[in-house]
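Enquirer:
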Amino acid sequence: MARIFFTILFVAATTLVRAEPQAPTGDVASRVENKLKTTRTRDSIFSELRNKAVVSGRVDENNIRKAVTFYASFDESIKADYGAGERASHTRFNHPTEKGQFIFEKDINEKVFTIAKSKGIAGGALEVVDVLDKNGRIFYPAKGNIAFKKDGWSGSVSMWCKTDSDKLLKTKFCDPVQITQKGANNGGLWFDFNDAKPRDLRHGAFSMIPDGQKGIGEDDPKAPMVRVSGIGWKANDWHHVVLTFKNLDTGKPDALTAIYIDGKLIGEVKDRAIAMGWDIEKAGIYIAINYIGLLDEFALFDKALTGEEVSHLHKNPELLSPLKKKAALENPPASTAITSEEVLRGLKDFYRKTARPDGSF
11 MARIFFTILF VAATTLVRAE PQAPTGDVAS RVENKLKTTR TRDSIFSELR NKAVVSGRVD
71 ENNIRKAVTF YASFDESIKA DYGAGERASH TRFNHPTEKG QFIFEKDINE KVFTIAKSKG
131 IAGGALEVVD VLDKNGRIFY PAKGNIAFKK DGWSGSVSMW CKTDSDKLLK TKFCDPVQIT
191 QKGANNGGLW FDFNDAKPRD LRHGAFSMIP DGQKGIGEDD PKAPMVRVSG IGWKANDWHH
251 VVLTFKNLDT GKPDALTAIY IDGKLIGEVK DRAIAMGWDI EKAGIYIAIN YIGLLDEFAL
311 FDKALTGEEV SHLHKNPELL SPLKKKAALE NPPASTAITS EEVLRGLKDF YRKTARPDGS
371 F
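If you read the sequence shown in the numbering used here, its first letter stands for residue 11, the second for the next number, and so on.
1. Given 8 Å as the limit, is there contact between the stretch 90 to 107 and the stretch 139 to 156, that is, 3 or more CB pairs closer than that?
2. Roughly how many angstroms separate the alpha carbons of Ala268 and Glu291, rounded to a whole number?
3. Count the other CB atoms, across all protein chains shown, that sit within 10 Å of the CB of Ser217; report buried if there are 16 or more and exposed otherwise.
4. Just curious, the beta strand (DSSP E) that Ser83 is in, first and last residue?
5. With distances taken from CA atoms, which of Ala90, Asn196, Ala126 is nearest Lys336?
6. I'd like to confirm the pairing. Which residues does DSSP put opposite Gly198 in its beta bridges?
7. Ile271 to His249, Cα distance in whole Å?
8. Beta carbon of Gly261, beta carbon of Met235: below 8 Å?
9. Would you mind giving the Cβ-Cβ distance between Ala94 and Lys313, rounded to the nearest angstrom? I have them listed as a contact below 8 Å.
10. With DSSP run on the structure shown, which of helix, strand or coil describes Arg68?
11. Measuring alpha carbon to alpha carbon, tell me which residue in Ile226, Val320, Leu179 is nearest Asp210.
12. Given 8 Å as the limit, is there contact between the stretch 315 to 333 and the stretch 179 to 194, that is, 3 or more CB pairs closer than that?
13. Would you give the residue range spanned by the alpha helix (DSSP H) that Ser166 belongs to?
14. Using the C-alpha atoms, what's the distance from Gly133 back to Ala283?
15. With 16 as the cutoff for other CB atoms within 10 Å, does Gln191 come out buried or exposed?
16. To the nearest angstrom, how far is the alpha carbon of Trp163 from that of Thr254?
17. Only counting the same chain, and skipping five residues up and downstream in sequence, which positions put a Cβ closer than 6 Å to that of Ala157?
18. Considering only residues of the same chain and omitting the five flanking positions on each side of Pro279, which have a CB-CB separation below 6 Å?
19. Let me know the secondary structure DSSP gives Glu96 once reduced to three states.
So, in structure tokens, the structure goes:
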């Protein structure tokens, strides 16, 4: 008890000395002054380190999260966790008798698209086990979920993939993500696996084709594409793909899109005008087109991520997870939130088909 009592007295006395640092004299004053100098030195060092971090361009994770316009973790559901637009996914099929027309369904095939809990790069993942018939594909409405502006815009797409590009994929072409209104080569941003053996991974940024004109083909050397020959992905490995784009729809030859794989810049499409020209009410964010395997941590951003930000996101695949909590506390703005019925009504009987060599969209 005596030891505790004296300890309390000592702590109290020390507290009083720190509260009045200029009052003590003698040895006590010297010790207090040295303590204050040490504290000031430590604080100045921390301040200097913080300043250096800012000057050196250290990645700010909050800034990355603030740039997100749409996020699907696939931890619990295929429904997106975060987005100002419609977050539910829908399905589009070819019309059985009317060429170039489509049928839209509100739901998805849960036997083909399932949530594989604990199999993701961070939490759960979207597992795709087969290809939909009737050229079916699932999509999220673009309105409110992507930073599109008719007079110029920038953005990014981030997605994790786990597949065997040569053994699991069944069709000639497979797009893990394709954002478009009319087709991959008619106002489309995407990356895909083609029909080469072994398959190539390709990124495309094709402008909308004006009525009455002919678009550029994917095999044209001048096509707005980046090609990675013989990508050779294996079923046991996760890979991170990021697409970034700047100055789209500006009307000037200053557009730039880039593809990063596993945190490294692979290639760019640049020095040309690229115009999506979408009617945003009718554009879609299509995922897992003819894809078989796992997808995870799918996100869209309202800016072109820097190389440093892409690398940081690759090294920290769970970086966007806090958005799930944020989404649970927020309601989407009434001015931009739209219902599933409005989306399907706007999309129905609109799309015109732009065929690839195999007749796919």
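Where is the CB? At the ideal position from N, CA and C, for every residue including glycine.
Expert: Looking at the coordinates:
1. Contact between the stretch 90 to 107 and the stretch 139 to 156 is present, with at least three C-beta pairs closer than 8 Å.
2. By 1-based counting over the sequence shown, the position of residue 268 is 258. By 1-based counting over the sequence shown, the position of residue 291 is 281. Between Ala268 and Glu291, the C-alpha separation is close to 26 Å.
3. Position 207 of the sequence shown holds residue 217. The residue in question, Ser217, is buried, as its Cβ has 16 or more Cβ neighbours within 10 Å.
4. Here residue 83 corresponds to residue number 73 of the sequence shown, with the count starting at 1. First-last for Ser83: undefined, no H or E at that position.
5. Translated into positions along the sequence shown, residue 336 becomes position 326. That would be Ala90, whose Cα lies nearest to the Cα of Lys336.
6. The residue you call residue 198 lines up with position 188 of the sequence shown. The partner list for Gly198 (beta bridge, DSSP) reads Thr190, Phe216.
7. Position 261 of the sequence shown, counted from the start, is the residue given in the question as residue 271. Position 239 of the sequence shown, counted from the start, is the residue given in the question as residue 249. Roughly 7 Å between the two C-alpha positions.
8. Against the sequence shown, residue 261 aligns to sequence position 251. Against the sequence shown, residue 235 aligns to sequence position 225. It is not a contact, given that the beta carbons lie outside the stated cut-off.
9. By 1-based counting over the sequence shown, the position of residue 94 is 84. By 1-based counting over the sequence shown, the position of residue 313 is 303. About 16 Å; that fails the 8 Å criterion.
10. For this step, residue 68 is matched to residue 58 along the sequence shown. The answer is coil: DSSP assigns Arg68 none of H, G, I, E or B.
11. To locate residue 210, count along the sequence shown from 1; it is residue 200. Cα-wise, what sits closest to Asp210 is Leu179.
12. no
13. Here residue 166 corresponds to residue number 156 of the sequence shown, with the count starting at 1. Run containing Ser166: none in the alpha helix (DSSP H); it sits in the beta strand (DSSP E), 163 to 172.
14. Working through the sequence shown from its first residue, we reach residue 283 at position 273. Working through the sequence shown from its first residue, we reach residue 133 at position 123. Their backbone Cα atoms lie some 39 Å apart in a straight line.
15. Working through the sequence shown from its first residue, we reach residue 191 at position 181. With 16 or more other Cβ atoms within 10 Å, it is buried.
16. For the purposes of this step, residue 163 is identified with residue 153 of the sequence shown, where counting begins at 1. For the purposes of this step, residue 254 is identified with residue 244 of the sequence shown, where counting begins at 1. If you take the alpha carbons of Trp163 and Thr254, they lie about 11 Å apart.
17. For the purposes of this step, residue 157 is taken as residue 147 along the sequence shown, with counting starting at 1. Excluding positions up to five away in sequence, the list reads Thr79, Trp163, Gly165, Asp312.
18. Counting from one through the sequence shown, the residue named residue 279 turns up at place 269. At residue 279 the sequence reads Val, which differs from the Pro that was named. Closer than 6 Å at the Cβ level, and outside the excluded window around Val279, lie Ala215, Pro234, Thr267.
19. Residue mapping note: residue 96 aligns to position 86 of the sequence shown, counting from 1. Looking at Glu96 - three-state DSSP - the assignment turns out to be coil, as it is neither helix nor strand.
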